[in-house]
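First to last, the sequence lines map onto chains Y and X. Each residue of the first sequence is one higher than the last, beginning at 1 in the working numbering. Each residue of the second sequence is one higher than the last, beginning at 1001 in the working numbering.
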Amino acid sequence: MQIVSLIMAPNGEASQDGLDALAVACKLARNCDQSVTAVLAGHGVDQAIASIKELGPDQLWVMDTPVLGDESSTDLFVQAFHAFFEDGPLQDSLENSLLLLGSGSSQQEIAARLAARLRAVPLGECFDLSPAEKGWEASRMVYGGKAVARVQSEANLCVATLKAGTSVDRDSVGATNTEVKTFTAEIGPSPITVEKRETIAGSGPSIEAAGIIVSGGRGMGSAESFAILRELAQNLGGVVGASLPAVDAGWMPSAHQVGQTGKFVSPEIYIAVGISGASQHLAGIRETAKIVAINKDPKAPIFSAADVGVVANYSDVLPTLIRELEMETQLERGTGA
Amino acid sequence: MHVVVCLSCILDPELPSSRFRLLEDQMGVADNGIPHTMSPFDEAALEVSLQVRDQASDTMISAASVGLEEADDVLRRALGLKADNAVRVDAGLVDMQNPVTVATKLKAAIVALETPPDVVLIGREYGDWDDGTIPPLLAEELGMGYVGLIHALHSDQDGITAERERKETIETIRAPIPFVASVTNYPSNRIRMPILKNVVMARRRPITLVDGAAVDDQRVGLTLNQLQIPERKSACRMLEGEPQEQAAELASVLQEWMSTGGR
């Protein structure tokens, strides 16, 4: 049995999601007394190697080549990992094994395509992975986040990605002396090419890194009404987000969409205005966030997920809220507090 | 050009959590009488295919689905928007839980169409059980290239390009046909309204049915042990009084949270 963690480093640094998955893999391996191997693919990966060694897998295989320096070309990473597992050093030792990647759409694509090419079973986006008597067990969100499915596969080889937001303790993994080796994969050019890239004007600060998010949903009613959310966000030093219906309606760019199929956000405070609280939206917010819900519908599901609830029209609440916050800020400035 | 759109039937995503119940054995959802609908991502995929036809009127659009009889409703919706063909492969609930089975059956649906596709479009998550695994799996089953999370397609003299948003940039991607692309929702691909006459005519248009049991899937499966509804946070503190009073109290709460780091 082997637990193998796949990490990408197109710009030389191991992705955070990849390191999280490696930490989970190391903990799993320690719990079932197995070895853990990391396979790193990228370009100019010295920094990535250093980060991986801190987590202490038993072995680290490195594929470092210029063609893997393009993070857009998921195709090339699929080729590289496929070559590694099909023709590489582990090809005869993958019985009852698990390949684990971090969270993200590229990682999902790689996991699925690798599963097909290696005749493995794709477990999907998982958390609470554990070995079964034969094969592996994992939990997955289904029905748009309304339910959790505990699934199992007895397949010889399973491939999974780690669900975004899974809590990971990087400090408690082992401090083994990692053996570092290199592998050269045969990678042909990808037929899929990026012809053009255009920066989206005015996309603003990323919501994924924001500590405070003020988010609007269908209840906002129009693009113009988001102006008051921008004002509140500015006052709080935060960023504006949106639910899927608000993005669909064209009121906010999709880069600001929060949810299972939007961005996963980890703010300390999340203010949901005119958002019903559909499971797929809540699935995009880290559980530790403090949530405020402002909605005129007292039965909106958001209130069962929020810490503080206000049943009212946002237009009756937000102007006063902004004024009160400004007054308090001015008071603090005045007293030097 | 032949564009195949894979459509799935899902539980209405707007369903309030209070109406979402599990069966007693916790192996399924109590969905009698619960409305089913086309997923917003499948709607986006269908709209993208219609936009391709807006650009090139000789484009053939085929709608394919895997699922129970209720999936015929989403196929009829595509026919009501003047899709040229519709095919469904029969599949039960247990089949829908395994992405490999679904991908294999989708391939069978596409093969049953006879004319090979140039582009296969599929919503970024297929059905209630998928989280994005099925689209790239389908590409591998079909032996085609794959582009994930596009929101538009364009054709020019050199072939086909796809547009997708990635980290605050819009990428234009060129892919040789045939390829599979997963589609995500975007303001430019909101599904159009059908013409009533076409919706009425769609009721009489045939849907090819393929026996799913005859589709062979050799792979060892994925089995469900149990379904659970995750517990949400306990009591929400509901503020009281007039809106302005609640606003003032909320301001205090926010200031307290910010001064203690939101914890």
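We put the CB at the ideal spot given by N, CA and C, even for glycine.
In angstroms with no decimal places, state the Cα-to-Cα distance between residue i and residue j.
{"i": "N31/Y", "j": "H82/Y", "result": "28 Å"}
{"i": "P122/Y", "j": "A160/Y", "result": "6 Å"}
{"i": "L1050/X", "j": "I1061/X", "result": "8 Å"}
{"i": "E109/Y", "j": "G56/Y", "result": "27 Å"}
{"i": "A1112/X", "j": "V1087/X", "result": "8 Å"}
{"i": "V9/Y", "j": "P1136/X", "result": "Looking at the sequence provided, one finds Ala at residue 9/Y rather than Val. Between A9/Y and P1136/X, the C-alpha separation is close to 22 Å."}
{"i": "S304/Y", "j": "K290/Y", "result": "13 Å"}
{"i": "A1202/X", "j": "P1194/X", "result": "11 Å"}
{"i": "A1248/X", "j": "I212/Y", "result": "19 Å"}
{"i": "G1241/X", "j": "N295/Y", "result": "15 Å"}
{"i": "S178/Y", "j": "S51/Y", "result": "Checking the sequence, you will find Thr at residue 178/Y rather than Ser. Those two C-alpha atoms are separated by around 11 Å."}
{"i": "V343/Y", "j": "H281/Y", "result": "This structure cannot settle anything about residue 343/Y, because the visible part of chain Y is limited to 1 through 337."}
{"i": "D70/Y", "j": "N11/Y", "result": "8 Å"}
{"i": "G1262/X", "j": "A272/Y", "result": "Residue placement at G1262/X cannot be trusted, given a pLDDT of 47 that sits under 50; the coordinates are not used to answer."}
{"i": "E1069/X", "j": "C1009/X", "result": "10 Å"}
{"i": "L1079/X", "j": "D46/Y", "result": "55 Å"}
{"i": "V62/Y", "j": "E13/Y", "result": "13 Å"}
{"i": "A210/Y", "j": "P267/Y", "result": "6 Å"}
{"i": "G188/Y", "j": "T261/Y", "result": "31 Å"}
{"i": "V1119/X", "j": "I1134/X", "result": "16 Å"}
{"i": "I200/Y", "j": "I1170/X", "result": "7 Å"}
{"i": "F84/Y", "j": "F183/Y", "result": "7 Å"}
{"i": "A112/Y", "j": "S103/Y", "result": "13 Å"}
{"i": "E1231/X", "j": "E125/Y", "result": "19 Å"}
{"i": "A223/Y", "j": "W251/Y", "result": "4 Å"}
{"i": "E137/Y", "j": "S1155/X", "result": "44 Å"}
{"i": "R119/Y", "j": "D1217/X", "result": "12 Å"}
{"i": "G145/Y", "j": "D1058/X", "result": "40 Å"}
{"i": "F264/Y", "j": "Q107/Y", "result": "15 Å"}
Does any residue of chain Y bring its CB to less than 8 Å from the CB of residue i?
{"i": "V1180/X", "result": "no"}
{"i": "A1109/X", "result": "no"}
{"i": "A1030/X", "result": "no"}
{"i": "D1118/X", "result": "no"}
{"i": "D1216/X", "result": "no"}
{"i": "P976/X", "result": "Within the shown structure, residues of chain X are numbered from 1001 to 1263, placing residue 976/X beyond reach of any answer."}
{"i": "V1100/X", "result": "yes"}
{"i": "D1128/X", "result": "yes"}
{"i": "R1021/X", "result": "no"}
{"i": "R1190/X", "result": "yes"}
So which residues on chain X does residue i lean against when the C-beta distance must stay under 9 Å?
{"i": "T199/Y", "result": "E1168, T1169 and I1170"}
{"i": "I269/Y", "result": "L1254, W1257, M1258 and G1262"}
Strictly below 7 Å CB to CB, what residues from chain X border residue i?
{"i": "A112/Y", "result": "T1133, P1136 and L1137"}
{"i": "I192/Y", "result": "G1145, V1147, I1173 and A1175"}
{"i": "P301/Y", "result": "P1016 and S1017"}
Hey, does residue i have any beta-carbon neighbour from chain X nearer than 8 Å?
{"i": "P66/Y", "result": "no"}
{"i": "I49/Y", "result": "no"}
{"i": "R140/Y", "result": "yes"}
{"i": "P57/Y", "result": "no"}
{"i": "K146/Y", "result": "yes"}
{"i": "Q280/Y", "result": "yes"}
{"i": "V151/Y", "result": "yes"}
{"i": "P122/Y", "result": "yes"}
{"i": "F84/Y", "result": "no"}
{"i": "G250/Y", "result": "yes"}
{"i": "K196/Y", "result": "yes"}
{"i": "E224/Y", "result": "no"}
Could you tell me which chain Y residues have their CB closer than 8 Å to the CB of residue i, listed as they occur along the chain?
{"i": "Q1255/X", "result": "L325 and E328"}
{"i": "V1066/X", "result": "What V1066/X touches in chain Y: nothing, since even the nearest Cβ is about 16 Å away."}
{"i": "A1078/X", "result": "Within 8 Å Cβ-Cβ: nothing; A1078/X doesn't reach chain Y, min ~19 Å."}
{"i": "E1165/X", "result": "I200, S254 and A255"}
Given that residue i touches chain X, what residues does it touch there, using C-beta distances under 8 Å?
{"i": "R117/Y", "result": "E1140"}
{"i": "A246/Y", "result": "In chain order: nothing, as chain X lies at least about 10 Å away."}
{"i": "R333/Y", "result": "Within 8 Å Cβ-Cβ: nothing; R333/Y doesn't reach chain X, min ~14 Å."}
In chain Y, which residues lie less than 7 Å from residue i when you measure between Cβ atoms?
{"i": "Q1246/X", "result": "V310, A312 and V317"}
{"i": "Y1268/X", "result": "Any property of residue 1268/X remains undetermined from this structure, which presents chain X solely from 1001 to 1263."}
{"i": "T1037/X", "result": "The contacting residues do not exist; T1037/X stays about 12 Å from chain Y at best."}
Could you tell me if the beta carbon of residue i falls within a distance shorter than 7 Å of some heavy atom in the ligand FAD?
{"i": "T288/Y", "result": "Here there are no bound small molecules, and the ligand FAD is not part of this structure."}
Whose Cβ in chain Y lies nearer than 9 Å to the Cβ of residue i?
{"i": "D1251/X", "result": "Before going further, note that residue 1251/X is Ala rather than Asp in the sequence given. Here the neighbours are T320, L321, I322, R323, E324, L325, M327 and E328."}
{"i": "R1124/X", "result": "S105 and T261"}
Under 8 Å, CB to CB, which of the residues in the region 1222-1244 of chain X have a partner in chain Y? L1222, T1223, L1224, N1225, Q1226, L1227, Q1228, I1229, P1230, R1232, K1233, C1236, R1237, M1238, L1239, P1243 and Q1244
Determine which residues of the region 1003-1016 of chain X have a Cβ less than 9 Å from any Cβ of chain Y, and write them out in chain order. Listed by position along the chain: I1010, L1011, P1013, E1014, L1015 and P1016.
In the region 1176-1255 of chain X, which residue ranges form an unbroken beta strand (DSSP E) of at least 3 residues, counting only runs that do not cross its ends? Whole beta strand (DSSP E) segments, 3+ residues: 1179-1183, 1208-1210 and 1223-1228.
What residues from the region 92-110 of chain Y come within 7 Å of chain X, judged by C-beta to C-beta, listed N to C? If the cut-off is 7 Å between Cβ atoms, the region 92-110 of chain Y has S105, Q108 and E109 near chain X.
Please give me, in chain order, every unbroken run of the alpha helix (DSSP H) with length at least 4 that falls completely inside the region 1015-1055 of chain X. 1040-1055
Taking only runs of the beta strand (DSSP E) that begin and end inside the region 1136-1161 of chain X, which ones reach a length of at least 3 residues, in chain order? 1145-1156
Please list the residues of the region 1147-1161 of chain X that have a C-beta atom closer than 7 Å to any C-beta atom in chain Y, keeping them in chain order. V1147, G1148, L1149 and T1161
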